[in-house]
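These notes are about the structure you will find just below.
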Amino acid sequence: MCRIYGSFGGAPVAPDVLHTVAEGLRHGGPDAQTLLRGDGWALGNNRLAVQGVTHGQQPYVLGDMTCVFNGEIYNHRELRAELAAHGYEFRGDCDGDVLLPLFERYGDAFVRRLEGMFALAIVDRRTTEPCLKLFTDHAGMKSLSYYLSADGHRLCFASEMEALSRFPDFPAAVDPLAIDRYLGGKAVWGPGTIHTGVRTLPPGSALCFKGDQLSVTRWQLDAMVIDEGVPAAELLDALLRDELSRMLDADVPVCVITSGGLDSSYLTALAVATVPGVHSFNIAYRGDWPDDERHYAREVAAHCGTRHHQVVVDPADFPGLIDRFVRHLDQPNNAPHSLSTYALFEAVHEAGFKVALTGDGADELFGGYTRFVKAARDDSATWHRAYQDTMAAAGTATLARLYTPDYLAQLRAENGYFGDANGDELDRRVRGGRHEKLEALLRHDQESRFPYYILRRVDHLSMAHAVEARIPFLQPSVMRLAHALPSGLKVVGETVKAPVVEAARRWVPRSVVERPKQPFTLPVAAMIRPGEALYDLIGDTLLGPHTRCEAYIRRDTVRELFRMQTESPDAHAAEVLWSLLILETWFATRSLRP
1 MCRIYGSFGG
11 APVAPDVLHT
21 VAEGLRHGGP
31 DAQTLLRGDG
41 WALGNNRLAV
51 QGVTHGQQPY
61 VLGDMTCVFN
71 GEIYNHRELR
81 AELAAHGYEF
91 RGDCDGDVLL
101 PLFERYGDAF
111 VRRLEGMFAL
121 AIVDRRTTEP
131 CLKLFTDHAG
141 MKSLSYYLSA
151 DGHRLCFASE
161 MEALSRFPDF
171 PAAVDPLAID
181 RYLGGKAVWG
191 PGTIHTGVRT
201 LPPGSALCFK
211 GDQLSVTRWQ
221 LDAMVIDEGV
231 PAAELLDALL
241 RDELSRMLDA
251 DVPVCVITSG
261 GLDSSYLTAL
271 AVATVPGVHS
281 FNIAYRGDWP
291 DDERHYAREV
301 AAHCGTRHHQ
311 VVVDPADFPG
321 LIDRFVRHLD
331 QPNNAPHSLS
341 TYALFEAVHE
351 AGFKVALTGD
361 GADELFGGYT
371 RFVKAARDDS
381 ATWHRAYQDT
391 MAAAGTATLA
401 RLYTPDYLAQ
411 LRAENGYFGD
421 ANGDELDRRV
431 RGGRHEKLEA
441 LLRHDQESRF
451 PYYILRRVDH
461 LSMAHAVEAR
471 IPFLQPSVMR
481 LAHALPSGLK
491 VVGETVKAPV
501 VEAARRWVPR
511 SVVERPKQPF
521 TLPVAAMIRP
531 GEALYDLIGD
541 TLLGPHTRCE
551 AYIRRDTVRE
561 LFRMQTESPD
571 AHAAEVLWSL
581 LILETWFATR
591 SLRP
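Each residue of the sequence shown is one higher than the one before, counting from 1 in the UniProt record's numbering.
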């Protein structure tokens with residue numbers, strides 16, 4: 001696992017600039033810092049040594065090909081044996097060793113043979129006109145951002161946008177419309193970013209930059225043919241147990257995040273069945289707060305026999321913690337549990353772990369959110385607008401009161417509200433697509449929202465503390481199964497993500513399997529109230545004499561929301577206030593204005 005960066009084409013980038021970019025990634029790769037430069041190109045790597053620690057130095061070189069790699073390839077041993085049979089020789093046991101031999105044999109199609117998560121760059125100089133190629137994994141677990149120089153001759157890329165911004169010609173201009181995209185989607189959905197000249201590679205992408213020509217193509221996982229005579233839960237359980245056997249294989253200790261919910265509890269049980277003595281981590285907040293799951297996590301830990309770590313954060317420390325975690329968000333992201341994620345991985349790092357398993361992805365693959373089910377069963381003409389509002393920090397009715405008149409006019413002159421436009425596009429996709437409605441909703445979420453709202457946050461906030469987050473539910477075999485299963489097996493009556501529920505029954509306590517679903521989040525509605533540090537921080541930040549978004553956000557509407565939250569705490573007002581706090585803090589940490 002590493003952080004990568006580089007440039008290709010145009011005038012050479014000075015070594016001191018490349019060093020500055022590398023330093024911006026050191027938190028995610030503190031074990032080694034390496035760089036190779038050639039005629040018009042540079043590839044750099046900050047290493048977090050997890051696999052093949054002794055012989056895993058990057059960049060990798062094979063003939064006239066050079067590669068840097070961020071991620072983990074869990075089937076590297078099978079691939080290594082296959083390549084050795086074709087005459088390739090290997091020195092150590094690093095998973096990245098197989099990348100260039102595979103690329104040499106299979107070209108761009110080599111990514112279809114990789115099982116794991118990755119963002120990687122290859123400079124290929126085997127022809128008279130060299131090229132740069134960038135690849136991302138099928139789910140988008142590892143992010144990669146890039147931009148072209150103003151003259152179009154050079155492409156620069158990096159694992160994190162803050163490091164990318166250290167290139168002198170970084171196009172820092174902010175797209176004002178990104179404010180609406182953020183509030184309408186809780187994050188800035190890709191491939192565009194908050195900077196007009198910067199893009200991020202979508203899941204399953206291959207970028208080629210050659211002779212000043214840039215192209216991006218997409219690749220898909222191969223379809224799976226399932227045995228309809230075997231229950232879906234048995235198929236899923238077998239796949240996950242196989243994935244856990246590989247994901248727990250590392251040269252450093254691996255722990256598991258145990259929220260107390262179904263998905264992480266199930267993975268915790270499978271991990272312990274594979275490697276006894278696993279450490280588990282849970283986060284909670286000092287005091288008595290709604291939706292506290294620590295007792296469920298303790299029950300799971302006791303049931304499975306993990307060595308359990310209870311992390312407790314004091315809400316009085318939130319102001320400093322918010323400033324710290326927002327600095328590691330590539331773009332504004334309203335998820336309140338970003339704070340929880342950041343603090344939890346900090347504790348994992350302090351306990352000496354470099355790898356942690358998480359339960360992300362099960363809801364998106366198997367229909368675990370009630371919003372999916374409600375929308376799938378809604379036959380009204382406006383179902384898509386109502387559905388999109390569930391994915392927004394604020395619905396369009398609230399945004400109409402929140403935005404300034406000038407900003408509203410700008411939105412209308414463009415494409416209207418992001419939420420409305422995205423909802424309409426989803427409606428067209430459902431009506432004209434090859435999937436029935438529930439599956440279309442799931443696929444849309446996996447491609448459009450999930451990589452940018454959840455996976456980018458998991459990647460950046462774990463690597464902020466040099467911790468690799470491994471995600472079993474998003475491995476190719478599990479995703480292929482989810483795509484092959486009919487939606488009628490995913491939601492059965494009122495049981496959402498039914499295969500996960502049934503598979504987990506033999507592994508975790510009944511109280512966890514049958515408890516109501518509860519999101520892993522921060523109880524901001526209860527915490528934004530007089531006397532709490534978060535309440536004071538929001539008041540000072542959003543109602544101070546100057547705000548960075550004052551040209552776009554109406555102060556009188558913010559003041560009214562704050563008054564409503566003061567007098568009668570409400571989930572809707574709290575989410576809008578929290579979202580604006582993150583937006584203002586994000587711009588402040590970068591000394592930017594939209």
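The beta carbon of each residue, even a glycine, is placed where N, CA and C say it ideally should be.
Extent of the continuous alpha helix (DSSP H) run through residue i
i, result
"ALA356", "Counting along the chain, ALA356 falls outside any alpha helix (DSSP H), though it belongs to the beta strand (DSSP E) covering 355-357."
"VAL17", "15-23"
"VAL53", "Element bounds for VAL53: n/a, residue is neither H nor E."
"LEU35", "Taken as a continuous stretch (DSSP letters only), LEU35 belongs to no alpha helix (DSSP H), being part of the beta strand (DSSP E) at 32-38."
"SER149", "Here SER149 belongs to no alpha helix (DSSP H), and DSSP marks it neither H nor E."
"ILE538", "533-542"
Bounding residues of the beta strand (DSSP E) (the contiguous stretch that carries residue i)
i, result
"TYR5", "2-8"
"LEU522", "Premise fails: LEU522 is in no beta strand (DSSP E) and is neither H nor E."
"ARG47", "41-47"
"GLY116", "116-124"
"ARG470", "468-470"
"SER340", "Per DSSP, SER340 belongs to no beta strand (DSSP E); it is in the alpha helix (DSSP H), 337-350."
"residue 602", "Given a span of 1 to 594 for the chain in the structure shown, any question on residue 602 remains unanswerable."
"SER462", "SER462 -> not in any beta strand (DSSP E); alpha helix (DSSP H) instead, spanning 456-463."
"GLU414", "Element bounds for GLU414: n/a, residue is neither H nor E."
"SER280", "279-285"
"LEU132", "131-136"
"HIS546", "No beta strand (DSSP E) holds HIS546; DSSP gives it neither H nor E."
Counted within 10 angstroms of its Cβ, other Cβ atoms place residue i as buried (16 or more) or exposed
i, result
"LYS374", "exposed"
"PRO203", "buried"
"LEU543", "exposed"
"PHE187", "One detail in the question is off: residue 187 reads as Ala in this sequence, not Phe. Burial call: buried."
"ASP151", "exposed"
"HIS546", "exposed"
"VAL68", "buried"
"GLU89", "exposed"
"PRO336", "buried"
"LYS354", "buried"
"ARG47", "buried"
"TRP289", "exposed"
"HIS295", "exposed"
Cβ-heavy atom distance, residue i to the ligand PLP, below 6 Å
i, result
"ASN333", "Within the structure as shown, the ligand PLP is missing, as the structure has no ligands at all."
Same chain, Cβ closer than 6 Å to residue i, neighbours up to 5 away in sequence not counted
i, result
"VAL478", "LEU239"
"ASP173", "A small fix is needed here, since residue 173 is Ala in this sequence, not Asp. These residues qualify, in order along the chain: THR196."
"ARG286", "VAL312 and ASP314"
"LEU537", "PRO319"
"PRO12", "none"
Residue i to residue j span [Cα, whole Å]
i, j, result
"PHE366", "ALA482", "6 Å"
"GLU228", "TRP507", "23 Å"
"ALA409", "TYR342", "37 Å"
"HIS27", "ALA397", "41 Å"
"LEU62", "SER165", "30 Å"
"ALA271", "PHE473", "13 Å"
"GLY96", "ASN70", "9 Å"
"LEU102", "GLU129", "21 Å"
"PRO523", "VAL576", "14 Å"
"GLY184", "ASP360", "22 Å"
"CYS208", "ASN45", "20 Å"
"LYS490", "PRO499", "6 Å"
"SER143", "PHE170", "18 Å"
"GLU104", "ARG428", "41 Å"
"ASP242", "GLY24", "36 Å"
"ASP64", "ILE122", "10 Å"
"GLU160", "VAL230", "43 Å"
"LEU35", "LEU99", "18 Å"
"LEU441", "ARG385", "13 Å"
"ARG593", "TYR452", "22 Å"
"LEU221", "HIS444", "16 Å"
Beta-carbon contacts of residue i that lie in its chain and below 8 Å, excluding the five residues immediately before and after
i, result
"SER280", "CYS255, VAL256, ILE257, THR258, THR268, ALA297, VAL300, ALA301, CYS304, THR306, ARG307, HIS308 and HIS309"
"VAL225", "ALA484"
"ALA356", "VAL254, CYS255, VAL256, ILE257, PHE281, PHE345, VAL348, SER462, VAL467, GLU468, ALA469 and ARG470"
Sequence-distant residues of the same chain with beta carbon closer than 7 Å to residue i, five excluded per side
i, result
"CYS94", "GLN51, GLY52, HIS55 and GLY56"
"ASP363", "TYR369 and LYS497"
"ARG449", "GLY185, TRP189 and MET391"
Problem set entry | Length-filtered (3 minimum) beta strand (DSSP E) runs lying within the segment 193-264 | 205-210, 213-218 and 254-257
For this session: Enumerate, from N- to C-terminal direction, the unbroken alpha helix (DSSP H) stretches of 4 or more residues contained entirely within the segment 352-399.
Result: 362-366, 370-377 and 383-390
Exercise. Mind pulling the alpha helix (DSSP H) runs of 4 or more residues that sit fully within the segment 482-519?
Worked result: 487-490, 498-504 and 510-513
Problem set entry | Those runs of the beta strand (DSSP E) which lie wholly inside the segment 51-108 and span at least 3 residues | 60-62 and 65-73
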